[in-house]
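Peer 1: I'd like to ask some things about the structure below.
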Amino acid sequence: MPRAYKQEFSDQTDSARIASSTQTAAVFGEPDHRKEIDGLRAIAILAVMFHHFGVPGFGGGFVGVDIFFVISGFLIGGMLWREHQHTGRVALGSFLMRRIRRLAPAYFAMIFAVLVVGSWILLPNDFHNTAKGIMAATVFLSNVLFYGQSEPFDGAAEEQIMLHTWSLSVEEQFYVFLPLIFLVFARSARAICITLAACFAVSLLGSLLVVPQAQAAAFYLFPFRAWELLAGVGLAILRIERPDILRAHQALSWVGMSLLLVSICFMQASETFPGWQVVLPVLGTLLVIANGHQKNWVNHVLSMRVPVLIGLISYSLYLWHWPVYALTTYLQQSYAGPAETALWMAISFVLATLSWRLIEEPVRNTTQLANWSLLSAMVAASALAVSFSFGIYRTDGLPQRFDAQARLHIAASSDVAQDLSRCHTADIGAFKGLKVCPIGPQTREHTLIIWGDEHARAYLAGLDQAAQETQRSGLVIWREGCAPVFDIRKSERTTSQANDVACAEANQHIKTALQSLPYLRDVLLIGRWSYYADGAGIGHDAHKKIRLSSPTFGPMTQDRLLATALAATVNEIAVLDRDVFVLRQPPEFEHYHAPDVARALVHGRLPPQLAHRIGQISVTDANQRAAGAQAALQKSGAQIIDTWQWFCDPFLCDAVQAGVGQFFDNNLVTNAAAERMRAVFYPVMTRHPQ
105 MPRAYKQEFS DQTDSARIAS STQTAAVFGE PDHRKEIDGL RAIAILAVMF
155 HHFGVPGFGG GFVGVDIFFV ISGFLIGGML WREHQHTGRV ALGSFLMRRI
205 RRLAPAYFAM IFAVLVVGSW ILLPNDFHNT AKGIMAATVF LSNVLFYGQS
255 EPFDGAAEEQ IMLHTWSLSV EEQFYVFLPL IFLVFARSAR AICITLAACF
305 AVSLLGSLLV VPQAQAAAFY LFPFRAWELL AGVGLAILRI ERPDILRAHQ
355 ALSWVGMSLL LVSICFMQAS ETFPGWQVVL PVLGTLLVIA NGHQKNWVNH
405 VLSMRVPVLI GLISYSLYLW HWPVYALTTY LQQSYAGPAE TALWMAISFV
455 LATLSWRLIE EPVRNTTQLA NWSLLSAMVA ASALAVSFSF GIYRTDGLPQ
505 RFDAQARLHI AASSDVAQDL SRCHTADIGA FKGLKVCPIG PQTREHTLII
555 WGDEHARAYL AGLDQAAQET QRSGLVIWRE GCAPVFDIRK SERTTSQAND
605 VACAEANQHI KTALQSLPYL RDVLLIGRWS YYADGAGIGH DAHKKIRLSS
655 PTFGPMTQDR LLATALAATV NEIAVLDRDV FVLRQPPEFE HYHAPDVARA
705 LVHGRLPPQL AHRIGQISVT DANQRAAGAQ AALQKSGAQI IDTWQWFCDP
755 FLCDAVQAGV GQFFDNNLVT NAAAERMRAV FYPVMTRHPQ
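Sequence positions in the sequence shown follow the numbering used here and run 105 to 794.
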C-alpha cells in the first residue's frame with residue numbers, strides 16, 4: 105500500500121462507525137478527519153445562506169454551491185481511487201448504500217415537513233409545483249426539472265420551494281457517473297485518469313461555450329457542472345499519487361481563501377454565470393484543500409470549533425434553510441427588518457442541528473440498521489413521498505382548501521399557462537430561426553400575422569379560438585419585452601444586453617420577412633404600449649424600466665419616439681398592400697397582482713370586503729396612464745381595435761368580470777379573459793376571408 109495513500113483523505117461525509125464503513129476503514133486504513141474541510145463547508149453553507157436571506161455583502165454567496173461541488177469531488181474521488189488502487193475494483197453497491205445512509209434520512213424529513221407546511225400556506229399552483237419538485241428530487245432529477253421551467257436567479261425563486269435540491273441532484277448524478285468510470289476502466293489506472301481528464305476538459309469547455317446561448321443549461325445540468333466535481337477528483341488523485349508535486353506553503357492557503365472571499369462578496373448574479381467566473385471559487389477551494397495539512401492561520405481558523413460544528417451540520421443546514429426562507433417570505437412577502445431575518449436564520453440553525461443530531465448522526469452511526477433494512481425504508485419513503493406528491497400534482501394543488509373568493513384570484517394566478525404544443529422555431533421560410541405559433545386551420549397559406557410582445561402571447565388562446573371560428577389561418581410571433589416596431593433599440597433594466605440585441609435583430613428579421621409573403625393580407629400589432637411610451641412599469645412592476653432609442657429617428661422623448669417609429673412601421677407594412685391593425689392595450693390596474701391578492705386573502709392579510717377594490721381603477725386614472733400610448737396609436741395610421749369595453753363601464757374598470765378573474769397582474773390578461781373577448785379579433789379575422 106503506497107505511503108501517500110495511508111496519510112491522505114477519507115470521505116468525511118461517511119462515518120467509519122457504521123458496519124460497512126468500519127470494514128472499509130479496517131481494510132484501507134482510514135486517515136484522520138480533516139477539520140479544515142469542515143471549515144470550508146461552513147464557509148460554503150454560510151455564503152449560500154446569507155445570500156439567500158439577503159444579508160448585505162454576500163452578493164456572490166451562491167458560489168457556496170461550487171465550493172461544495174469541489175469538496176464532494178475531492179472526498180468521493182479520493183475514496184474511490186484508494187479503493188480501486190487497493191482492490192483493483194470499486195464496490196458500487198456498498199458505495200451507493202453509504203451515500204443513501206448519508207443523504208436520504210434528512211432529505212425525507214425535510215420534504216415531508218414541506219408537504220405538511222405547504223398544505224397550509226401554499227396556493228394550489230405553487231403546491232402543485234412543489235409536489236412536482238419533490239417527485240423530481242426524489243428520483244435525482246430536480247436539476248433537469250428546474251432547467252426546463254426557470255431561469256437562474258429568477259426573481260420569483262421563493263415560489264420554488266424545492267429549488268435548492270437542484271444541486272443535490274447534480275451531486276447524486278455524479279455519484280453514479282464517477283463509480284461507473286472506475287468500473288468501466290477498472291483494469292487501467294492510466295485509462296481512468298485519461299478519461300477523467302477528458303471529461304473535465306469537455307465539461308469545462310462546454311460550460312464556457314453554452315453559457316451565452318443557454319445559461320439555464322449551463323447552470324443546472326450535470327454535464328456542464330461535472331468539471332467542478334472532477335477538479336476535486338483530480339486533486340485527490342494527485343495528492344495520493346504525487347504528494348511531492350504540491351509542496352506546502354502558506355501562500356497557497358492565503359491565495360485560495362482570498363479567491364473564495366472575493367467571489368462570495370463581489371461576484372454578481374448575472375446571465376454570464378456560470379462561466380469563466382466560476383473558475384475563481386473552484387480554484388480557491390482547490391488551493392485551500394491542497395494545502396490543508398500546512399500549519400497556517402487559514403487552516404487554524406477553519407479548524408476551530410465553531411467552523412467545524414457548522415461544517416458538520418452543513419448538509420442539514422442546506423436542506424432546511426431554503427424552505428424556511430422560501431415559505432416564510434411566501435407567507436408574508438418580505439421580512440420586517442434585520443431582526444426578523446436573524447430570527448429565521450436562527451430557526452434554520454436550530455432545525456439543522458436537530459436534523460443532524462436526531463436524524464443524520466443516528467442513522468450513520470448505528471450498527472443495528474442493516475443495509476437491506478435501510479434500502480427498504482428508503483424505497484418505502486420514496487414511494488410515500490412520490491404518491492403524496494403525485495396526488496397533489498394530479499389535483500392541481502388541492503384548490504378546495506380555500507374559499508370561493510380566494511379561489512377566484514387563485515384561478516387567475518394560474519390561468520396564464522399556454523398550450524404551446526403547436527409553437528415551434530421555424531426551420532424554413534421567411535421566419536426561419538424565429539419562434540412562431542400557428543393559429544386557426546393549417547391547411548392554407550398564412551394570410552394573417554399577429555406580431556407583439558408578451559401581450560400577444562397572453563391573447564394566444566383567444567386568438568386561436570377566434571381564428572378557428574372564422575376559419576382564418578395565421579401566425580403569432582412574440583418576444584417578451586420587445587415592442588413590435590421597426591428601427592428602434594431598447595435597453596431594459598430587468599433583462600440582459602443580449603436580450604436587448606436579440607429584440608432588435610428579431611424585429612429586423614420580421615421586417616424583411618413581411619416583404620416576402622405573397623399570401624399575407626393583414627398584420628395585427630399587440631403590445632404593452634403604455635410601458636414603451638412611459639418607459640416604466642406601474643405599481644407591482646414599477647421597478648421595470650425601459651429606454652427606447654433609434655439611430656433612424658434620432659433623439660426625442662420616449663413617447664414621441666414610440667409614436668414616430670410605430671407610424672413608420674405601419675406605413676412600411678401598408679405600402680406592401682397589407683392592412684394593419686393595432687390592438688389597444690387594456691387598462692392597467694396599478695396595484696393588482698393575482699398571486700399577491702390570493703396570498704393576502706388566504707393568509708389573512710387582506711379583509712375579504714376590501715379584496716375587490718385592489719382590482720378596480722377609475723376610467724379617469726386608467727386614461728391618464730394610457731395617454732402617451734393612446735396618442736401613439738392614434739397617430740400610427742393603423743386601424744385601432746379597442747379592448748376597454750370588455751373591462752370598463754363609463755366610470756370604472758374592473759379586473760374581475762362576472763365572477764372570473766381577468767388579469768394575472770396589473771397588465772396581462774388571463775386565458776379566460778382572452779377567450780371571453782375573442783370577438784374583439786373578428787374584425788381582423790374576417791377582413792380577408794379564406
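Note that beta-carbon positions come from the ideal geometry of N, C-alpha and C, so glycine has one too.
None of these values were measured; they are calculated from a predicted model.
Could you give the residue range of the beta strand (DSSP E) that holds residue 750?
Peer 2: Premise fails: residue 750 is in no beta strand (DSSP E) and is neither H nor E.
Peer 1: Report the three-state DSSP secondary structure of residue 615 (helix, strand or coil).
Peer 2: When DSSP states are grouped into helix, strand and coil, residue 615 belongs to the helix group.
Peer 1: Could you give the DSSP three-state label for residue 164: helix, strand or coil?
Peer 2: coil
Peer 1: Which one of 187, 657, 417 and 711 has the shortest CA to CA distance from residue 141?
Peer 2: 417
Peer 1: Can you find the residues in the same chain that come closer than 6 Å, C-beta to C-beta, to residue 699, ignoring five residues on each side of it along the sequence?
Peer 2: Cβ within range, chain order: 517.
Peer 1: Taking residue 520 as the reference, which of 477, 565 and 550 has the closest Cα?
Peer 2: 565
Peer 1: Residue 129 to residue 204, Cα distance in whole Å?
Peer 2: Low confidence applies to residue 129: its pLDDT is 36, below 50, so where it sits in the model is not reliable enough to give any reading.
Peer 1: Would you check if the distance between the CB atom of residue 388 and the CB atom of residue 364 is smaller than 8 Å?
Peer 2: yes
Peer 1: If you run the structure through DSSP and keep just helix, strand and coil, what is residue 594?
Peer 2: strand
Peer 1: Near residue 459, which residues of its chain fall below 8 Å by C-beta distance, leaving aside the five closest residues on each side in sequence?
Peer 2: 210, 213, 214, 417, 420, 423 and 424
Peer 1: For residue 336 versus residue 181, is the C-beta spacing smaller than 8 Å?
Peer 2: Between residue 336 and residue 181, the C-beta spacing is below 8 Å.
Peer 1: Using DSSP with H/G/I as helix, E/B as strand and the rest coil, what is residue 569?
Peer 2: Residue state, collapsed to three classes: helix.
Peer 1: Going by C-alpha to C-alpha distance, which of 567, 344 and 366 sits closest to residue 168?
Peer 2: 366
Peer 1: If you follow the alpha helix (DSSP H) that residue 578 is in, where does it begin and where does it stop?
Peer 2: Looking at the DSSP string, residue 578 is not in any alpha helix (DSSP H); the run it does join, the beta strand (DSSP E), is 578-582.
Peer 1: What number of angstroms, rounded off, separates the C-alpha of residue 616 from the C-alpha of residue 682?
Peer 2: 14 Å
Peer 1: Taking the C-alpha atoms as reference points, what is the distance between residue 788 and residue 685?
Peer 2: 7 Å
Peer 1: Grab me the residues of residue 290's own chain with a C-beta within less than 6 Å of its C-beta, minus the 5 sequence neighbours each way, in chain order.
Peer 2: These residues qualify, in order along the chain: 193.
Peer 1: Which of helix, strand or coil does DSSP assign to residue 129?
Peer 2: Low confidence applies here, because residue 129 scores a pLDDT of 36, under 50, leaving its location unreliable; read the following figure in that light. Helix, per DSSP.
Peer 1: By DSSP, does residue 740 sit in helix, in strand, or in coil?
Peer 2: coil
Peer 1: Just to confirm my understanding: we take residue 776, look at its own chain, exclude 5 residues before and 5 after, and list those with CB closer than 6 Å. What are they?
Peer 2: 519 and 764
Peer 1: Mind checking who residue 529 pairs with in its DSSP beta bridge?
Peer 2: 539
Peer 1: Distance, Cα to Cα, residue 626 vs residue 769?
Peer 2: 30 Å
Peer 1: Just verifying my parser: in three-state terms, what is the DSSP assignment at residue 122?
Peer 2: The predicted model places residue 122 with a pLDDT of 34, which falls under 50 and marks its position as unreliable; any figure quoted below should be read in that light. Residue 122 falls in the coil class under three-state DSSP.
Peer 1: Taking 8 Å as the threshold, find out whether the stretch 389-403 comes into contact with the stretch 428-443 through three or more Cβ pairs.
Peer 2: Under the three-pair Cβ rule at 8 Å, the stretch 389-403 does not count as touching the stretch 428-443.
Peer 1: Could you tell me which residues DSSP pairs with residue 756 in its beta bridges?
Peer 2: Its beta-bridge partners are 722.
Peer 1: Give the straight-line distance between the Cα atoms of residue 508 and residue 501, rounded to the nearest whole angstrom.
Peer 2: 15 Å
Peer 1: Residue range of the beta strand (DSSP E) that residue 627 falls in?
Peer 2: Residue range 626-630 is occupied by the beta strand (DSSP E) that includes residue 627.
Peer 1: State the DSSP-derived secondary structure class of residue 289, mapped to helix, strand or coil.
Peer 2: coil
Peer 1: Thinking C-beta only, is residue 225 closer than 8 Å to residue 552?
Peer 2: no
Peer 1: Run the proximity test for residue 228: is its beta-carbon closer than 7 Å to any non-hydrogen atom belonging to the ligand SAH?
Peer 2: In terms of ligand content, the structure shown is empty, and the ligand SAH therefore cannot be addressed.
Peer 1: So for residue 407, helix, strand or coil by DSSP?
Peer 2: Under the three-state reduction of DSSP output, residue 407 falls in the coil class, being neither helix nor strand.
Peer 1: Could you check the C-alpha separation between residue 403 and residue 199 for me, to the nearest Å?
Peer 2: 29 Å
Peer 1: Using only alpha-carbon positions, find the residue among 623, 563, 624 and 652 that is nearest to residue 80.
Peer 2: As displayed, the chain neither begins before 105 nor continues past 794, which places residue 80 out of reach and without an answer.
Peer 1: To the nearest angstrom, report how far apart residue 525 and residue 558 are at their CA atoms.
Peer 2: 17 Å
Peer 1: Can you give me the start and stop residues for the beta strand (DSSP E) that residue 653 sits inside?
Peer 2: 650-653
Peer 1: Taking its Cβ as the centre, do 16 or more other Cβ atoms sit within 10 Å of residue 313, making it buried, or is it exposed?
Peer 2: exposed
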